[in-house]
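Letter by letter, the sequence shown follows residues 96 to 218 of my numbering.
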Amino acid sequence: MEGPLGHYLHKLMSIIFKGKNDTRTVAKMVLFEQLTSSPCNNLLFMLYYGLVIEGRTWALVKNKIKKDFTPVQLAAWKVGPMVAWVNNQFVPLELRVIFHCFVGLCWTIFLNLKARSAVIKDS
Numbered sequence: 096m097e098g099p100l101g102h103y104l105h106k107l108m109s110i111i112f113k114g115k116n117d118t119r120t121v122a123k124m125v126l127f128e129q130l131t132s133s134p135c136n137n138l139l140f141m142l143y144y145g146l147v148i149e150g151r152t153w154a155l156v157k158n159k160i161k162k163d164f165t166p167v168q169l170a171a172w173k174v175g176p177m178v179a180w181v182n183n184q185f186v187p188l189e190l191r192v193i194f195h196c197f198v199g200l201c202w203t204i205f206l207n208l209k210a211r212s213a214v215i216k217d218s
């Protein structure tokens, strides 16, 4: 999912920000990405993981998201801006999705470990 969404996100940002990569423009791109893509990706992951992987009911998943979304998003905002800055400042446009996917894979491993440790504690 990260690949197609990331592709269109970076394509859209190259249109909105006209392919510039000066410091001010990159800061705007990072802010745009962190306020749109980051929360959406984390929410979709939490929904998918709870409903499909864990097989929990909607009510349980909804409660878990209410409890865990803010800490997960705050953790994402500790790492995400630095990654987005490097991606938008130094990585060529045609390689940004690959870089984004690699970091997304690492982030997914982190979220899986976090979710798994929460399940073990609940047991």
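We treat Cβ as the ideally placed atom computed from N, Cα and C, and that holds for glycine.
Keep in mind that this is a model prediction, so the values were computed, not measured.
Setting aside the 5 residues that flank it on each side, Glu-128 is surrounded in the same chain by Ala-179, each with a C-beta closer than 6 Å to its C-beta; the list follows chain order. For Lys-123, the three-state secondary structure derived from DSSP is helix. The criterion of a C-beta distance shorter than 8 Å is not satisfied by Val-181 and His-105. Taken atom to atom, the span from the alpha-carbon of Lys-115 to that of Arg-151 is near 45 Å.
Counting only the Cα atoms, Met-141 lies some 29 Å from Leu-188.
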